[in-house]
Every structure is written in C-alpha cells, then in structure tokens.
Amino acid sequence: MSFQTPDLFAALTGSSRYLNFCHAGRDTCAPGYTYGPTVRAFYLIHYVTSGKGSYSIGGVSYPVERGQAFLIPPNESTIYSADEKDPWSYSFFAFDGKMAKELVDRTGFADSYVLTLNDDSICDIIHETAEALNEGKILNSDIYALGRLLAMIRYFIDSKGESRHQDKNMNNYVLLALNYIQYNYFNEITVASIADMLAINRSYFFRIFKAETGLSPIEYLNNYRIMKAKQLLLESTMPVSQIAIASGFTTPSAFYRMFNLKFGMSPSQYRKEYNKNPFDQPGFC
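Residues in the sequence shown are numbered consecutively from -5, following this note's numbering.
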C-alpha cells in the first residue's frame, strides 16, 4: 500500500474522552490509487466531489461516485480505490471519542456505509476548518475544531433520511425492505417473511432487491447481522453465544461458521485481536 500526500490536511491531538476532532482535508487521487486494507482508530467520512471509485468493508464492495459520502468506522478493515479512468477527489474528516458512535447513529450512516447527498456544502466547512488550523492563529484551537466538527456531523444528521429518498430510481419496496431489516434483523426474519410483509411475490422481491443493492436479500440481511455482531463483540462483554442470538442468528454455530467464512477467524479471536490492538495500521485520508 503506497501513500500520497493530501492536497489539504490539518490535524490536532485530542484531549477529550467524549468527542475529538482528529483531522480534516482534501485530496485528489491518481488513477487507480488504492488505500488499504487498513484498520483505523477513529471514524472517518469522505465526501466525493468529482470522479468515482470503490469502497470495500466487511467483504462487500460499494461503487462510490461524485455526490456520495462513505463512512469508515473504527476497528474495521477497509480498502478503497480511485477509478482508473475517472479517479475521484474527496474531502474528508475524522473524529473519535465516547460520543462518536452515538452521533454517527443519528445520521444516515446508521443504515448504510454509503450515502447519496449531492450537496457540496459540507466541503466548505471541512476546507475552512483545515485552512484555519494550518494558519495557526486561532486561540484554543481544540475548542474551535470541536465546534467545527459538530457542524460537520450536524450536516449528516440533518441529511438523515434524504439520502435514500433522493435516489428516485430506488424501488419503494426495496426502501421498505431495508427499513424493515434495520429494525427487525435480530428477529427470525426470512426473505419470504419480508416479501409477505410487502405483500409482493417472493421471486419479484428477490429480483428488484438484487437489482437495487447488488446483493440478494439474504446476503444483505446476513451482512447487516454480522455488522451488528461485530459492534457487540468490541463494545460489550456479552458472551459470543448471546451475541449470536442478539444479532439474529438462529444458532451460535451458524454465527461462528459465517463469521469464520467472512473474516478467517472466530468471533472470539476477532474480539481478542482488536481489543488487544485495534489500530494495527497507520493512515489518515
């Protein structure tokens, strides 16, 4: 993995346990430029201002283009690449602290790693913050940066719900299914039960869901359950068997098998590895 220097970058060392601004900036990537796989110590959000690329997390790859934003959470192995013919440019900011997850959960990123926004106003906040910090003339720069960070996060909180509905091409049945999965993943739901809830034919539901998301309904459901299970592995002391059931898996053995298949290690090994050394690779943008 090679590194390139961002066009604009400013960082601060945080002093609060609750919420910290880490860094922000802007970058224009070379064709095919790839970052990762790497694991971060913080939340990192990118907003793509031009071009396109791809973002991979949890074994799933998402195409990302101009007007979209993607979230990199802490303790997750991720990789992203600029397109070979139309490489992206993006603005980015990073933050951490005990309040970070609570704030992220209030945004559209609680439902998806990629959001469609088509509003570049977030870039002005990011760029002005980085430029002001680089000038070095601000008193109490940590307080200034925290205030600007809250403005950045508020942008995504205010945009919650709009990202899906702005995509007028997304089928309403798929939107309802995604919402149903978000609030029922821990129950024993199936493709048939979701189709029944929507009152549509199961085969038709399968086709439109796969066309819109790139995944089958069961693939999406299992990925969502695994994502929630990983959060519990790192953020709680619950036994793995209880995490399996709480995440919607019918048996712990089914959870162990799927987790091993995706990550090449057991849930217990994952918890031990990332609690011991969650930030095993460097990196900023």
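Each residue gets a CB set at the ideal place from its N, CA and C atoms; glycine is no exception.
Supposed close pair residue i, residue j - CB separation, criterion 8 angstroms
i: Val98; j: Tyr37; result: 6 angstroms
i: Leu2; j: Gly19; result: 5 angstroms
i: Leu127; j: Ala145; result: Not confirmed; about 14 angstroms, so no contact.
i: His121; j: Ser83; result: Wrong, their Cβ atoms sit about 12 angstroms apart, outside the cutoff.
i: Leu228; j: Arg265; result: 7 angstroms
i: Pro261; j: Phe253; result: 5 angstroms
i: Ile116; j: Tyr41; result: 5 angstroms
Residue from the options with nearest C-alpha to residue i
i: Val108; options: Glu129, Lys222, Asp1, Val54; result: Val54
i: Ala5; options: Arg219, Leu227, Ile220, Glu125; result: Glu125
i: Ile194; options: Glu213, Phe180, Ala171; result: Ala171
i: Ala186; options: His40, Leu65, Arg196, Asp21; result: Arg196
i: Gly208; options: Arg251, Val168, Ala63; result: Val168
i: Pro57; options: Gly141, Pro67, Asp80, Ala104; result: Asp80
i: Phe243; options: Asn217, Ser75, Glu229; result: Asn217
i: Tyr177; options: Asp105, Tyr41, Ser10, Glu96; result: Asp105
i: Arg112; options: Ala63, Asp118, Asn254, Glu78; result: According to the sequence as given, residue 112 is Asn; it is not Arg. Considering only alpha carbons, the answer is Ala63.
i: Asn166; options: Cys23, Met252, Gln236, Phe203; result: Phe203
i: Lys256; options: Ser230, Ile220, Leu226; result: Ile220
i: Gly61; options: Asp114, Tyr74, Phe15; result: Asp114
i: Ile51; options: Gly45, Glu267, Asn69; result: Asn69
i: Glu59; options: Leu192, Ile116, Thr184, Thr110; result: Thr110
i: Cys16; options: Tyr179, Ser48, Ile137; result: Ile137
i: Thr32; options: Thr72, Leu192, Lys224, Phe103; result: Thr72
Other residues of its chain near residue i: CB distance less than 8 angstroms, five sequence neighbours each side excluded
i: Ala248; result: Ala238
i: Tyr12; result: Gly91, Lys92, Met93
i: Arg100; result: Ile151, Lys154
i: Ile119; result: Arg142, Ala145, Met146, Tyr149
i: Gly45; result: Cys23, Glu59, Arg60, Ala76, Asp77, Asp80, Pro81, Trp82, Ser83
Chain-order list of residues whose beta-carbon lies under 6 angstroms from that of residue i (same chain, five-residue window excluded)
i: Lys222; result: Ser241
i: Tyr198; result: none
i: Leu215; result: Ile175
i: Ser210; result: Lys204
i: Thr123; result: Ala18, Arg142
Classification of residue i by the beta-carbon crowding that lies within 10 angstroms, buried from 16 upward
i: Pro0; result: buried
i: Asp21; result: buried
i: Ala24; result: exposed
i: Lys131; result: exposed
i: Pro233; result: exposed
i: Leu133; result: exposed
Contacting residues, own chain, Cβ-Cβ under 7 angstroms from residue i (five flanking each side not counted)
i: Tyr268; result: Asn69, Leu228
i: Asn14; result: Gly8, Phe89, Asp90, Gly91
i: Tyr250; result: Ser260, Pro261
### Message
Ignoring anything shorter than 4 residues, give me the alpha helix (DSSP H) runs that lie fully in the region 113 to 175, in order along the chain.
### Response
115 to 129, 135 to 152, 156 to 160
### Complete alpha helix (DSSP H) runs within the region 18 to 55 (minimum length 4 residues, chain order)
none
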